[in-house]
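I have placed the structure first, in the form of structure tokens, so that the comments after it can refer back to it.
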Amino acid sequence: MNSKKPVYVTQPYMPPLQEFIPYLEQIWDSKWLTNNGYYHRQLEKELCKYLEVPYVSLFSNGTLALMVALQALHITGEVITTPYSFVATTHTLLWNNIHPAFVDITPLTFNINPQKIEEAITSRTTAIVPVHVYGNPCDVDEIQRIADTYNLKVIYDAAHAFGVRCNGKSVLNYGDLSVLSFHATKIFNTFEGGAIVCHDEEMKRRIDLLKNFGIADEVTVLTSGINAKMCELQAAFGLLQLKYMGHILSRCAEIDCHYREELNGVPGIRVPHRLAESHQNYSYFPILIEPDYPLSRDALYQKLRDQGIYARRYFYPLISDFPMYRGLPSAVATNLPVAKLVSERVLCLPIYTDLAKDDQNRIIGIIKSGL
Ligand SMILES: *Cc1c(COP(=O)(O)O)cnc(C)c1O
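Position 362 (the sequence shown) corresponds to 1705 in our numbering; numbering is contiguous.
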């Protein structure tokens, strides 16, 4: 019965292959494969323009970019963060010998709740690492106010926030640093990849040093850096992909809109509303399966799977439930009631440029037929 192709939660947009050939020819001719090559420099420039940010440093992936961001700001001790994210957010803290302190999220945006941040600050706290979950901007003004009051750094995990704007500017301009991921599953991808956005040239130099072993010149190594450089193939793909962002975003906006129209008001299904003031990138479509829906979240998840539709429970389990975090004092469920609840109810539905209208209607039909 089910001979249809599987539908995943996301799928990268692949520009026409023949358009990539000239980039490949250039790389073959120049034999310059990595280390700040032509496409690398070009992509940094184009991304600054596209994202409306002053400085971008490209990375081989978002996780290494997070690692380097923490190093660049000399973060130590304790860092306040959210349990409602992908594990890389806190794994990079552990890799830097930093102690994560989890703070609950708000039910409206699923982002860290600023009202809970202050009570989690101790004498060892040095920074806050919030996440713009699903591309919804955090309460950036309140987080900055707290950071200023307590002299803390702010590093945004902006892995979901490519192109997102709030208060009339790029959300990436908030905090000390913002970290992007260009992984294949993200709205803008370079196969694997990532970036740090910073605000001054001095910081950009430090970040670029850190991602290249700390090497300043042939005979000078200034710091114990790592290798986190993006290569020319990745950068070239990014440049090509950037040309299609208009197409990618308009298709995803249509899909988002259609889900909203069809699912808003379905009993037991809650469609989180969009923040009025922000400009989204439509790269996730979370719904909450409430107790008055006839099926549990997991039963609906399974029902979709049985028909070849691979919705994802982002973010379940919570980071704080994984074995390397669960022993932390801040990981106890009573400290994180909202995150716990949302993680037990959330389901992210397929949304990507080439999602067929038929497939989307099939998904909507299955959700409605649960009634
Ligand atoms: C994807 C993602 C990362 C990690 O990025 P990679 O490029 O896969 O290393 C970090 N944080 C969040 C919230 C993510 O979604």
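Backbone N, C-alpha and C fix where the C-beta goes; we use that ideal spot for every residue, glycine too.
* Asked: Between the C-alpha atoms of glutamine 1715 and tyrosine 1625, what's the straight-line distance to the nearest angstrom?
  -> Beyond the ends of the chain as shown, which are 1344 and 1714, falls residue 1715; an answer cannot be given.
* To do: Let me have the residue list for ligand 1: C-beta closer than 6 Å to any non-hydrogen atom, ordered along the chain.
  => Asn1404, Gly1405, Thr1406, Ser1428, Phe1429, Ala1431, Thr1432, Val1474, Asp1500, Ala1502, His1503, Ser1524, His1526 and Gly1537
* To do: Leaving aside the five residues before and after cysteine 1541 along the sequence, list all residues of the same chain whose C-beta is less than 6 Å from its C-beta, in chain order.
  => In the sequence shown, counting from the first residue as 1, residue 1541 sits at position 198. Once the five neighbours on either side are set aside, the close Cβ partners of cysteine 1541 are Tyr1398, Leu1520 and Lys1547.
* Asked: With contact counted as at least three CB pairs below 8 Å, one residue from each stretch, are the segment 1507-1526 and the segment 1357-1376 in contact?
  -> no
* Asked: Does DSSP classify isoleucine 1706 as helix, strand or coil?
  -> Reading the sequence shown from its first residue, position 363 is the one you call residue 1706. In the structure shown, isoleucine 1706 sits in a helix (DSSP, three-state: H, G or I).
* With a Cβ-Cβ cutoff of 8 Å, do proline 1693 and valine 1350 count as a contact? -> Taking the first residue of the sequence shown as 1, we reach residue 1693 at position 350. Taking the first residue of the sequence shown as 1, we reach residue 1350 at position 7. Yes, they are a contact pair.
* Per DSSP, the bridge partner or partners of histidine 1442 -> For the purposes of this step, residue 1442 is identified with residue 99 of the sequence shown, where counting begins at 1. Answer is Glu1421.
* To do: Determine the contact status of proline 1457 and glutamate 1485, defining contact as a CB-CB distance below 8 Å.
  => Position 114 of the sequence shown, counted from the start, is the residue given in the question as residue 1457. Position 142 of the sequence shown, counted from the start, is the residue given in the question as residue 1485. Yes, they are a contact pair.
* **Meets three-Cβ-pair contact criterion under 8 Å: the segment 1669-1688 and the segment 1437-1455** => yes
* **Residues that isoleucine 1370 bridges to, as DSSP identifies them** => Counting from 1 along the sequence shown, the entry for residue 1370 is found at position 27. Answer by DSSP bridge pairing: none, since isoleucine 1370 is not bridged.
* Asked: Should proline 1672 be labelled buried (16 or more other beta-carbon atoms within 10 Å of its own) or exposed?
  -> Within the sequence shown, numbered from 1, the residue matching residue 1672 stands at position 329. When all chains shown are included, proline 1672 counts as exposed.
* Distance CB(isoleucine 1707)-CB(glutamate 1605) smaller than 8 Å -> Within the sequence shown, residue 1707 is the residue found at index 364, counting from 1. Within the sequence shown, residue 1605 is the residue found at index 262, counting from 1. Contact: yes.
* To do: Indicate whether the contact test is met: 3 or more Cβ pairs, each with one atom in the segment 1508-1518 and one in the segment 1375-1382, closer than 8 Å.
  => no
* Do isoleucine 1498 and alanine 1470 come within 8 Å of each other at the CB atom, strictly closer than that value? -> Taking the sequence shown and counting its residues from 1, the one referred to as residue 1470 is at position 127. Taking the sequence shown and counting its residues from 1, the one referred to as residue 1498 is at position 155. Result yes, Cβ atoms of alanine 1470 and isoleucine 1498 sit closer than 8 Å.
* Considering only the beta carbon of each residue, do isoleucine 1709 and leucine 1647 sit closer than 8 Å? -> If you number the sequence shown from 1, residue 1709 lands on position 366. If you number the sequence shown from 1, residue 1647 lands on position 304. Yes, they are a contact pair.
* On the DSSP bridge assignment, give the partners of lysine 1388 in chain order. => Within the sequence shown, residue 1388 is the residue found at index 45, counting from 1. Lysine 1388 pairs with nothing; no bridge assigned.
* **Secondary structure of tyrosine 1398, DSSP reduced to three states** => As a working note, residue 1398 is residue 55 in the sequence shown. Of the three classes helix, strand and coil, the one that applies to tyrosine 1398 here is strand, per DSSP.
* Cα-Cα, which of Leu1631, Gln1361 and Leu1495 is closest to asparagine 1607? -> To locate residue 1607, count along the sequence shown from 1; it is residue 264. Minimum Cα distance to asparagine 1607 is reached at Leu1631.
* Please work out which residues of its chain come closer than 8 Å, Cβ to Cβ, to proline 1359, disregarding the five sequence neighbours upstream and downstream, and give them in chain order. => The count along the sequence shown starts at 1 and reaches residue 1359 at position 16. So no residue of the chain qualifies.
* To do: Tell whether a beta-carbon distance below 8 Å holds between methionine 1588 and phenylalanine 1531.
  => The sequence position of residue 1588 within the sequence shown is 245, counting from 1. The sequence position of residue 1531 within the sequence shown is 188, counting from 1. Cβ distance < 8 Å, so methionine 1588 and phenylalanine 1531 count as in contact.
* Asked: Of the residues Arg1467, His1475 and Tyr1356, which one's Cα is nearest the Cα of isoleucine 1418?
  -> Position 75 of the sequence shown, counting from 1, holds the residue named residue 1418. The candidate whose alpha carbon is nearest that of isoleucine 1418 is Arg1467.
* Asked: Do the segment 1546-1562 and the segment 1401-1420 meet, that is, are 3 or more Cβ pairs less than 8 Å apart?
  -> yes
* Asked: Among the residues of its own chain, which have a CB less than 7 Å from the CB of glutamate 1362, if the five just before and after it don't count?
  -> Reading the sequence shown from its first residue, position 19 is the one you call residue 1362. Here the set comprises Leu1583.
* Please say whether lysine 1529 and alanine 1502 have beta carbons closer to each other than 8 Å? => As a working mapping, residue 1502 is identified with position 159 in the sequence shown. As a working mapping, residue 1529 is identified with position 186 in the sequence shown. Taking 8 Å as the Cβ cut-off, alanine 1502 and lysine 1529 qualify as a contacting pair.
* To do: Look up threonine 1468 in the DSSP assignment and give the residues it is bridged to.
  => Residue 1468 sits at position 125 when you count from the first residue of the sequence shown. According to DSSP, which records beta bridges pairwise, threonine 1468 is partnered with Glu1421.
* Where does asparagine 1479 land, buried or exposed, given buried means 16+ other C-beta within 10 angstroms? -> Position 136 of the sequence shown, counted from the first residue, corresponds to residue 1479. Buried is the call here.
* To do: Could you tell me if glycine 1536 is buried or exposed, where buried requires 16 or more neighbouring beta carbons within 10 angstroms of its beta carbon?
  => Translated into positions along the sequence shown, residue 1536 becomes position 193. Flag for glycine 1536 reads buried.
* **Beta-carbon separation (whole angstroms), alanine 1654 vs valine 1352, contact threshold 8 Å** => Looking up residue 1654 in the sequence shown gives position 311. Looking up residue 1352 in the sequence shown gives position 9. Between valine 1352 and alanine 1654 the Cβ distance is about 6 Å, and since that is below 8 Å, they are a contact.
* Asked: What is the DSSP secondary structure of serine 1428, reduced to helix, strand or coil?
  -> Within the sequence shown, numbered from 1, the residue matching residue 1428 stands at position 85. Three-state result, serine 1428: coil.
* tyrosine 1587 - DSSP class collapsed to helix/strand/coil -> Here the question's residue 1587 lines up with position 244 in the sequence shown. Tyrosine 1587 falls in the coil class under three-state DSSP.
* Asked: Fully enclosed by the segment 1472-1518, which alpha helix (DSSP H) runs are 4 residues long or longer?
  -> 1483-1493
* Given a cut-off of 8 Å, decide if alanine 1674 and phenylalanine 1284 are closer than it, judged by their beta-carbon atoms. => As shown, the chain starts at 1344 and ends at 1714. That puts residue 1284 outside it, with no answer to give.
* Where the alpha helix (DSSP H) through glycine 1380 begins and ends -> Numbered from 1 along the sequence shown, position 37 holds the residue referred to as residue 1380. It is not in any alpha helix (DSSP H) - glycine 1380 carries neither H nor E in the DSSP assignment.
* Asked: Given that a residue counts as buried once 16 or more other Cβ atoms are within 10 Å of its Cβ, and exposed if not, what is proline 1634?
  -> Along the sequence shown, read from residue 1 onward, the residue named residue 1634 stands at position 291. Result: exposed.
* What residue range is occupied by the uninterrupted beta strand (DSSP E) comprising alanine 1559? -> On the sequence shown, residue 1559 is found 216 positions in, with the first residue counted as 1. Per DSSP, alanine 1559 belongs to the beta strand (DSSP E) from 1558-1560.
* Asked: If you drop the 5 nearest sequence neighbours on each side, which residues of the same chain put their C-beta closer than 8 Å to that of phenylalanine 1402?
  -> Locating residue 1402 in the sequence shown gives position 59, counting from the first residue. Contacts found: Ala1408, Val1411, Gly1536, Gly1537, Ala1538, Ile1539, Lys1554, Ala1571, Lys1572 and Met1573.
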